[in-house]
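Engineer: What follows is a single structure, and I will ask about it in a moment.
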Amino acid sequence: MSELAVHHGISPRRVGAMILRYWYVLRSSWPRLLELMYWPVLQVVTWGFLQTYIAQNANFFARAGGTLIGAVILWDILFRGQLGFSISFLEEMWARNLGNLMMSPLKPIEFLIALMVMSLIRLVIGVVPMVGLALVLFHFNIFNVGLPLIAFFCNLIFTSWAVGIFVSGLVLRNGLGAEGIVWTLMFALMPLACVYYPVRVLPLWLQHISWALPPTYVFEGMRALLIDGTFRTDLMLTALTVNAALLVASFAAFLALLRSAKRHGSLLGGGE
Amino acid sequence: MTNAIPAGPAGAAAIEVVHLVKQYKTTRAVDDVSFAIARGSITGLLGGNGAGKTTTIAMIMGLVLPTSGTVTVLGHPMPAGSAEVLGRMNFESPYVDMPMRLTVRQNLTVFGRLYAVEHLKDRIAQLADDLDLNEFLDRPNGKLSAGQKTRVALAKALINQPELLLLDEPTASLDPDTADWVRAHLEAYRRARGATILLASHNMLEVERLCDRVIILKRGRIEEDDSPEAIMTRYSRDTLEQVFLDVARRRGQGNPQTSPDGSSPDTKGRPHQTASRETMP
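Written out as structure tokens, the structure is:
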């Protein structure tokens with residue numbers, strides 16, 4: 004895998020080859036497909052009933068109908084987007100195939116683009132049944148959010164890719180011993196991104212950290228839309244700017260970790 | 146013999162390694178290794194476990210960065226020039242596998258696309274015929290025997306008809322018949338394509354049969370670098386295996402015919418590390 008070599012251009016054929024490789028794995032394994040849908044469905048059902056119960060007993064939540072289910076769906080876009088990215092990467096580690104890819108003409112940027120496309124494909128498979136259930140069981144149609152949903156989705160998926168790129172670099176450098184980070188890092192963002200409560204709930208010093216995370220803007224934006232009926236363009240544009248910086252930083256970190264892995268001979272092992 | 150094999154039309158070595166060093170914390174895995182490999186030759190890299198064979202090959206491939214020294218592959222410095230050469234080379238190693246859930250055909254399709262192979266279906270059909278894969282072409286890689294997997298790995302290594310082939314233990318875990326068959330195929334491939342092959346092996350008979358030249362590593366340094374016949378003559382041995390044991394059991398002694406500066410001369414009386422480089426025009 005040539006390290007940067009962007010001057011040679013990105014080959015759609017090589018990106019397509021990697022997408023094909025992951026598609027072959029996905030379609031050959033029904034447990035993998037089922038797992039994609041299992042947790043999102045479980046999440047939306049649990050939180051949906053909770054929201055129904057609260058709405059029946061509290062005026063505020065009745066007025067703010069859908070914020071919990073909306074938050075669950077948007078959180079899952081963020082979380083599943085990163086998992087979809089990272090699990091495709093882990094497939095290479097589990098299969099001990101990384102050496103074959105590193106020795107091929109595939110470039111890191113092409114590899115990462117293929118992982119991004121796979122995160123979208125996996126996300127669609129997982130989130131579509133979830134969205135359908137929210138509609139059928141709780142009469143919550145996420146698409147009623149309208150065009151702002153596109154802004155929410157893009158910002159969340161960009162963050163998920165930035166985190167996915169960074170943790171993939173960590174696994175590349177440290178082997179499968181670092182696999183746990185893939186599954187847990189996003190949860191560290193959960194309390195700070197204020198998924199289920201407004202930022203003002205946090206202590207002031209934590210609010211500064213919270214506003215450094217793009218998802219915070221999305222969840223605040225969602226609440227503003229569902230509760231006040233206002234679409235906060237300013238929040239979305241700030242999130243987009245922070246996301247752009249995060250993506251550049253994570254790609255730089257990935258390259259640095261790849262280089263470090265080559266210096267330490269980690270690519271020959273890949274195990275613990 | 147390596148010395149008799151002319152370099153390729155470009156006049157450059159397929160691989161040139163100069164003062165290569167790899168230091169891992171307290172271990173020096175490769176210690177000031179230099180050699181050049183002529184285009185169209187087959188060179189064997191020998192040595193005991195931990196001698197530095199795999200690390201040397203990994204540095205040639207760009208999977209490991211050297212602590213110091215340079216590697217040039219097909220005229221391009223590695224890893225800076227890897228974009229220029231990775232599509233023209235390929236490798237097989239026991240340290241990597243093919244994805245287990247993908248069928249052989251799917252695996253070859255993916256790698257064929259990564260290497261931008263033209264007329265890929267025809268190429269896969271040809272490899273399936275050549276390497277006798279047809280029987281299990283649509284079987285998942287994880288359900289193949291060790292020998293079948295090795296043939297599939299070889300098919301992947303040949304998918305782009307590489308000019309340079311790096312093989313780490315290409316016949317490990319194969320029965321003698323299959324191993325012999327693989328060797329015959331490698332010889333035929335080299336003849337047909339004029340390809341350069343560098344292989345690391347513990348199988349001395351394999352090296353004797355295939356290689357024009359042998360580089361023996363011990364504790365990260367080159368102990369011998371010459372044709373198999375010349376090395377056997379120098380050690381007054383009939384087989385490379387006997388030479389290998391002599392080298393492995395030698396403790397802190399010089400080579401059999403030691404020159405005043407401590408390096409062993411090759412058959413033409415030159416210090417071994419520079420002799421191979423001087424064979425390159």
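As you go down the protein sequences, you meet chains A and B in turn.
The numbering of the first sequence is my numbering, which starts it at 4 and goes up by one.
The numbering of the second sequence is my numbering, which starts it at 146 and goes up by one.
For each residue, glycine too, the CB sits at the ideal point set by N, CA and C.
Pull up the distance between the alpha-carbon of Ser253(A) and that of Gln59(A), whole angstroms please.
Structural biologist: In the first sequence, the residue the question calls residue 253(A) occupies position 250. In the first sequence, the residue the question calls residue 59(A) occupies position 56. For Ser253(A) and Gln59(A), the distance between alpha carbons rounds to 44 Å.
Engineer: Given this structure, state the Cα-to-Cα distance separating Val241(B) from Ala345(B), to the nearest angstrom.
Structural biologist: To locate residue 241(B), count along the second sequence from 1; it is residue 96. To locate residue 345(B), count along the second sequence from 1; it is residue 200. Those two C-alpha atoms are separated by around 15 Å.
Engineer: Identify, in the order they occur along the chain, each residue of the same chain with its Cβ nearer than 6 Å to the Cβ of Tyr25(A), setting aside the five sequence neighbours on each side.
Structural biologist: Sequence index remark: in the first sequence, residue 25(A) carries index 22 (1-based). Contacts found: Ser91 and Met121.
Engineer: Rounded to a whole number of angstroms, what is the C-alpha to C-alpha distance between Asp231(A) and Met225(A)?
Structural biologist: Mapped onto the first sequence, residue 231(A) falls at position 228. Mapped onto the first sequence, residue 225(A) falls at position 222. So the alpha carbons of these two residues sit roughly 10 Å apart.
Engineer: Cβ of Arg262(A) less than 9 Å from any chain B Cβ?
Structural biologist: The residue labelled residue 262(A) in the question sits at position 259 within the first sequence. Answer yes: the Cβ-Cβ gap between Arg262(A) and chain B drops below 9 Å somewhere.
Engineer: Is there at least one Cβ from chain B nearer than 9 Å to Ala8(A)'s Cβ?
Structural biologist: Looking up residue 8(A) in the first sequence gives position 5. No answer about Ala8(A) holds up, because its pLDDT of 47 lies below 50 and its placement is not dependable.
Engineer: Can you pull the chain B residues whose beta carbon is under 7 Å from the beta carbon of Ser31(A), in chain order?
Structural biologist: Looking up residue 31(A) in the first sequence gives position 28. In chain order: Arg246.
Engineer: Using a C-beta cutoff of 9 Å, does Asp242(B) count as contacting chain A?
Structural biologist: Stepping through the second sequence from its first residue, residue 242(B) is reached at position 97. So yes, Asp242(B) belongs to the interface.
Engineer: In three-state DSSP terms, what is Lys413(B)?
Structural biologist: Taking the second sequence and counting its residues from 1, the one referred to as residue 413(B) is at position 268. In this predicted model, Lys413(B) has a pLDDT of only 34, less than 50, meaning its place in the structure is not dependable; the value taken from the coordinates is given anyway. Lys413(B): coil per DSSP, three-state reduction.
Engineer: Is the beta carbon of Pro206(A) sitting closer than 9 Å to the one on Ala228(B)?
Structural biologist: Position 203 of the first sequence holds residue 206(A). Position 83 of the second sequence holds residue 228(B). Not closer than 9 Å, so no.
Engineer: Taking a Cβ distance cut-off of 8 Å, strictly less, list which residues of the stretch 105-123 of chain A are near chain B, in chain order.
Structural biologist: Result list: Met105, Met106, Ser107, Pro108, Leu109 and Lys110.
Engineer: With 16 as the cutoff for other CB atoms within 10 Å, does Pro224(B) come out buried or exposed?
Structural biologist: The residue given as residue 224(B) occupies position 79 in the second sequence. Label assigned to Pro224(B): buried.
Engineer: Thinking Leu219(B) and Leu309(B) are a contact (beta carbons under 8 Å), I'd like their distance in whole angstroms, please.
Structural biologist: Translated into positions along the second sequence, residue 219(B) becomes position 74. Translated into positions along the second sequence, residue 309(B) becomes position 164. 6 Å between Cβ atoms; contact.
Engineer: For chain E, is any of its Cβ atoms less than 9 Å away from the one on Ala20(A)?
Structural biologist: This model lacks chain E altogether; the protein chains it does include are A and B.
Engineer: Report the option in Arg246(B), Ala183(B) and Ala174(B) whose CA atom is closest to the CA atom of Pro211(B).
Structural biologist: Within the second sequence, numbered from 1, the residue matching residue 211(B) stands at position 66. Of the candidates Arg246(B), Ala183(B) and Ala174(B), the one whose C-alpha sits nearest the C-alpha of Pro211(B) is Ala174(B).
Engineer: Taking the alpha-carbon positions, what's the Val388(B) to Arg382(B) distance?
Structural biologist: Counting from one through the second sequence, the residue named residue 388(B) turns up at place 243. Counting from one through the second sequence, the residue named residue 382(B) turns up at place 237. So the alpha carbons of these two residues sit roughly 6 Å apart.
Engineer: Buried or exposed for Tyr220(A), please, with buried defined as at least 16 other CB atoms from any protein chain shown within 10 angstroms of its CB.
Structural biologist: Indexing the first sequence from 1 puts residue 220(A) at position 217. Per the 10 Å Cβ criterion, buried.
Engineer: Our contact map puts Leu358(B) next to Thr188(B) with C-beta atoms below 8 Å; I'd like the distance itself, whole angstroms only.
Structural biologist: By 1-based counting over the second sequence, the position of residue 358(B) is 213. By 1-based counting over the second sequence, the position of residue 188(B) is 43. Residue identity check: residue 358(B) is Arg in the sequence provided, not Leu. Correct: roughly 5 Å between the Cβ atoms.
Engineer: State the DSSP-derived secondary structure class of Phe234(A), mapped to helix, strand or coil.
Structural biologist: Here residue 234(A) refers to the residue found at position 231 of the first sequence. Phe234(A): coil per DSSP, three-state reduction.
Engineer: What do you reckon, are the CB atoms on Thr316(B) and Asn348(B) nearer than 9 Å?
Structural biologist: Translated into positions along the second sequence, residue 316(B) becomes position 171. Translated into positions along the second sequence, residue 348(B) becomes position 203. The answer is yes: Cβ separation under 9 Å.
Engineer: For Ala165(A), tell me which candidate among Val139(A), Pro43(A), Glu95(A) and Leu243(A) has the shortest Cα-Cα distance.
Structural biologist: For the purposes of this step, residue 165(A) is taken as residue 162 along the first sequence, with counting starting at 1. That would be Leu243(A), whose Cα lies nearest to the Cα of Ala165(A).
Engineer: Whole angstroms is fine: what's the gap from Ile269(B)'s alpha carbon to Ala159(B)'s?
Structural biologist: Translated into positions along the second sequence, residue 269(B) becomes position 124. Translated into positions along the second sequence, residue 159(B) becomes position 14. For Ile269(B) and Ala159(B), the distance between alpha carbons rounds to 27 Å.
Engineer: Counting only the same chain and skipping the five closest in sequence on each side, list residues whose C-beta sits under 6 Å from that of Met21(A).
Structural biologist: Looking up residue 21(A) in the first sequence gives position 18. Around Met21(A): Ala117.
Engineer: If you compare alpha carbons, which of Leu278(B), Ile367(B) and Lys167(B) is closest to Ser179(B)?
Structural biologist: As a first step, residue 179(B) is located in the second sequence; it is residue number 34 there, counting from the start. Closest by alpha carbon: Ile367(B).
Engineer: To the nearest angstrom, report how far apart Gly397(B) and His164(B) are at their CA atoms.
Structural biologist: Looking up residue 397(B) in the second sequence gives position 252. Looking up residue 164(B) in the second sequence gives position 19. Because the pLDDT of Gly397(B) is 49, which lies under 50, any placement of that residue in the model is unreliable, and the number read from its coordinates should be weighed accordingly. Taking the straight line from one Cα to the other gives about 22 Å.
Engineer: Quick one: using the 10 Å Cβ neighbour count with 16 as the cut-off for buried, is Pro15(A) buried or exposed?
Structural biologist: Position 12 of the first sequence, counted from the start, is the residue given in the question as residue 15(A). Burial call: exposed.
Engineer: Just how far apart, CA to CA, sit Arg233(B) and Ala157(B)?
Structural biologist: What you label residue 233(B) is simply residue 88 of the second sequence in a count that begins at 1. What you label residue 157(B) is simply residue 12 of the second sequence in a count that begins at 1. Answer to the nearest angstrom: the Cα atoms are 15 Å apart.
Engineer: In chain order, what residues of the same chain have a beta carbon less than 7 Å from the beta carbon of Lys167(B), not counting five sequence neighbours either side?
Structural biologist: Translated into positions along the second sequence, residue 167(B) becomes position 22. Same-chain partners within the cutoff: Ala174, Val175, Thr200, Met204, Val209, Pro211 and Thr212.
Engineer: Going along the chain, which residues of its own chain have a beta-carbon closer than 7 Å to the beta-carbon of Asp79(A), five neighbours each way excluded?
Structural biologist: Taking the first residue of the first sequence as 1, we reach residue 79(A) at position 76. The residues are Pro43, Gln46, Val130 and Met133.
Engineer: Please identify the residue among Thr70(A), Trp33(A) and Leu39(A) whose C-alpha is closest to the C-alpha of Phe52(A).
Structural biologist: For this step, residue 52(A) is matched to residue 49 along the first sequence. Checked all of Thr70(A), Trp33(A) and Leu39(A); the closest Cα to Phe52(A) is Thr70(A).
Engineer: Nearest CA to the CA of Ser238(B): which residue from Ser89(A), Leu175(A), Phe88(A) and Met105(A)?
Structural biologist: Position 93 of the second sequence, counting from 1, holds the residue named residue 238(B). The residue with the shortest Cα to Cα distance from Ser238(B) is Met105(A).
Engineer: Is the CB-CB distance between Ser171(A) and Ser269(A) below 9 Å?
Structural biologist: Locating residue 171(A) in the first sequence gives position 168, counting from the first residue. Locating residue 269(A) in the first sequence gives position 266, counting from the first residue. Against a cut-off of 9 Å, the Cβ pair of Ser269(A) and Ser171(A) comes out as no contact.
Engineer: How about Pro373(B): is its Cβ closer than 8 Å to a heavy atom in the ligand COA?
Structural biologist: With respect to the ligand COA, the structure shown offers nothing to examine, as it has no ligands at all.
Engineer: Following the continuous alpha helix (DSSP H) through Thr199(B), name the residue where it begins and the one where it ends.
Structural biologist: For this step, residue 199(B) is matched to residue 54 along the second sequence. Run containing Thr199(B): Lys198 to Met206, per the alpha helix (DSSP H) assignment.
Engineer: Verify the CB distance criterion: does Leu344(B) have a CB-CB separation below 9 Å to chain A?
Structural biologist: Residue mapping note: residue 344(B) aligns to position 199 of the second sequence, counting from 1. So no, Leu344(B) is outside the interface.
Engineer: Classify Trp33(A): buried if its beta carbon has 16 or more other beta carbons within 10 angstroms, exposed otherwise.
Structural biologist: The residue you call residue 33(A) lines up with position 30 of the first sequence. The residue in question, Trp33(A), is exposed, as its Cβ has fewer than 16 Cβ neighbours within 10 Å.
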